[in-house]
Amino acid sequence: MKYYDMHEDAYQQLKAKDKISWDGQTDPKELLNHEINQAIGKKLPDFFQSFEGKSAVDLGTGTGTCALSLAKLGFGVRGFDLSETAIGLARKNAKALEVEVNFEVSDITKIITKDKVDLVVDSSLLHCLVHREDRNNFFRVAHDLLKDEGLLFLHTMIEASDMSEMLDRDYLVYENHILYSTGPDRWEMDWQEVQGKRVFPHRWITTVDLLTEEVRRAGLKIVDFKVEPQERSTGIFCGWLKKAS
Ligand SMILES: C[S@@+](CC[C@H](N)C(=O)[O-])C[C@H]1O[C@@H](n2cnc3c(N)ncnc32)[C@H](O)[C@@H]1O
Numbered sequence: 016m017k018y019y020d021m022h023e024d025a026y027q028q029l030k031a032k033d034k035i036s037w038d039g040q041t042d043p044k045e046l047l048n049h050e051i052n053q054a055i056g057k058k059l060p061d062f063f064q065s066f067e068g069k070s071a072v073d074l075g076t077g078t079g080t081c082a083l084s085l086a087k088l089g090f091g092v093r094g095f096d097l098s099e100t101a102i103g104l105a106r107k108n109a110k111a112l113e114v115e116v117n118f119e120v121s122d123i124t125k126i127i128t129k130d131k132v133d134l135v136v137d138s139s140l141l142h143c144l145v146h147r148e149d150r151n152n153f154f155r156v157a158h159d160l161l162k163d164e165g166l167l168f169l170h171t172m173i174e175a176s177d178m179s180e181m182l183d184r185d186y187l188v189y190e191n192h193i194l195y196s197t198g199p200d201r202w203e204m205d206w207q208e209v210q211g212k213r214v215f216p217h218r219w220i221t222t223v224d225l226l227t228e229e230v231r232r233a234g235l236k237i238v239d240f241k242v243e244p245q246e247r248s249t250g251i252f253c254g255w256l257k258k259a260s
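With my numbering applied, the sequence shown covers 16 to 260.
Next up, the structure:
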């Protein structure tokens, strides 16, 4: 698992500082109000009359940010992440919030399933998948998990004309839609020399056109989206997809 070291290390460091999420929250209740959950919550009623009895899968759930919020709304939820520490924290967060979610340690690019769900969520996982094969697997898994009328929510980085705030950091290098990073030698990574630095591919930063093409190849279509700008950084694509008929 090429990504394992990076994510596992990050969660171990967060846990040591009593943080309960990827972006450094300290109170599980804050997760329910997270901006991603607000974006999901705003749009969900357009697609579902009621959430009771509906099912969802959160791919790359981390400490459960979206899974927990969906469970609170009434969805039956499974959350997958490759980091054991993240899944441990997700289970603790579920207890604190008194919700039930089935959290599992798993590499989502390798899931084979016959289960079908109403909603599949990607909250900032897809841009972590920096190899074409893994991204193809992500879309295959998402497609296979969806019921015929099911929805896939994507929250992912989009290239912007001015990403200087991000690219001014001297440990990052950007080339051909890949954001490379330096990192500790002990990580098992796909090390490369890019612009004179020893780096590994860290994030896949797509464009709406490229993403639309990726999605089309996977038998999916975008039914609604917007791109949220971020100051001097990538935009964020927030979109809803369905199976192409
Ligand atoms: C930016 S974090 C977002 C976490 C969570 N979705 C959230 O919004 O708080 C990306 C997550 O994807 C997970 N991840 C990366 N590659 C994965 C893979 N192949 N299988 C499962 N999880 C993966 C990481 O461990 C990390 O928790």
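Heads up, the beta-carbon is just placed ideally off N, CA and C, and yes, glycines get one too. Quick caveat, the model's predicted, so the values are computed rather than measured.
Distances taken from the Cβ of W37 to the heavy atoms of ligand 1 include one shorter than 8 Å. Looking at the backbone, the Cα of W37 and that of Q64 are separated by about 31 Å. Under DSSP, C253 shares a beta bridge with H170 and K241. For the 9 Å CB-CB criterion, L47 and V156 do not form a contact. Look at F168: its beta carbon is at least 8 Å from all of the heavy atoms in ligand 1. One Cα belongs to E190, the other to G211, and the distance between them is close to 12 Å. Taking 8 Å as the cut-off, one finds no heavy atom of ligand 1 near enough to the beta carbon of A71.
If you check the C-beta of L74 against ligand 1, you find a heavy atom less than 8 Å away.
Under DSSP, Q207 takes part in a beta bridge, and its partners are V214. Rounded to whole angstroms, the separation of the alpha carbons of S260 and Q27 is 43 Å. In the structure shown, F154 falls within a helical segment according to DSSP collapsed to helix, strand and coil.
If you draw a straight line from the Cα of I220 to the Cα of E174, it comes to about 6 Å.
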